[in-house]
């Protein structure tokens, strides 16, 4: 009577084929079809049907990229996408200024180069850049065949 039974998302019901048509059976013990599928029906000489577990669809690459963006936003304490872009622009400009000062020192030894504070900030910016690059690399590695639990920290750390 029922074939190809499988639980729906969150086990809210069962999808099955009956007489060649797909039916959705609510997960309600008061529902006759639900009882037939899960328990069988002796009067119809039917045993319970094997019900496949719900298998969520594979995540899309865009979902992985969105998770990478979310993690970059958290790393940079950004309120939203626009704020993130502003922060990235600010640190890029700061890194360029520091790099220009360093290059000027290399060309002209009379320039004192970086102060201790500037050197520390340059190290912070380099560390931030490496962290962002690592997140983007992990995202790119997962995008072709994302694991179902792609948001789990083990994939990102």
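Residue numbers (my numbering): 25 to 181. In this text, a Cβ means the ideal position worked out from N, Cα and C, and glycines have one as well. No experiment lies behind these values; they were computed from the predicted model shown.
Worksheet item: What does residue 30 pair with, by DSSP beta-bridge criteria?
Response: Beta-bridge pairing links residue 30 to 39 and 76.
Worksheet item: Between the C-alpha atoms of residue 72 and residue 62, what's the straight-line distance to the nearest angstrom?
Response: Spanning the two alpha carbons is a distance of roughly 5 Å.
Worksheet item: Is the number of C-beta pairs between the stretch 45-58 and the stretch 137-144 that are closer than 8 Å three or more?
Response: With the cut-off at 8 Å, the stretch 45-58 and the stretch 137-144 do not touch.
Practice prompt. Apply the 10 Å Cβ neighbour rule to residue 95 and answer buried if 16 or more other Cβ atoms are within range, or exposed otherwise.
Written response: Residue 95 is buried by the Cβ-count criterion.
Item to complete: Locate the alpha helix (DSSP H) running through residue 88, then write down its first and last residues.
Response: Under the DSSP assignment, residue 88 falls in the alpha helix (DSSP H) whose first and last residues are 85-99.
Worksheet item: Helix, strand or coil: which one does DSSP assign to residue 47?
Response: Correct three-state label for residue 47: strand.
Item to complete: Flag this pair as yes or no: are the beta carbons of residue 49 and residue 75 separated by less than 8 Å?
Response: Not closer than 8 Å, so no.
Worksheet entry | Supposed contact pair residue 92 and residue 159 - C-beta distance, whole angstroms, cut 8 Å | Yes, they are in contact, since the Cβ atoms of residue 159 and residue 92 sit about 5 Å apart, within 8 Å.
Worksheet item: At which residues does the alpha helix (DSSP H) containing residue 163 begin and terminate?
Response: Residue range 140-167 is occupied by the alpha helix (DSSP H) that includes residue 163.
Worksheet item: Cα-Cα, which of 122, 110, 114 and 100 is closest to residue 147?
Response: Of the listed residues, the one whose Cα sits closest to residue 147 is 122.
Fill in: N- and C-terminal bounds of the alpha helix (DSSP H) containing residue 57
Where residue 57 is concerned, the enclosing alpha helix (DSSP H) stretches over 56-63.
Practice prompt. Could you check how far apart the C-beta atoms of residue 111 and residue 100 are, in whole angstroms? I think they sit under 8 Å.
Written response: Their Cβ separation, rounded to whole angstroms, is 5 Å, which keeps residue 111 and residue 100 in contact under 8 Å.
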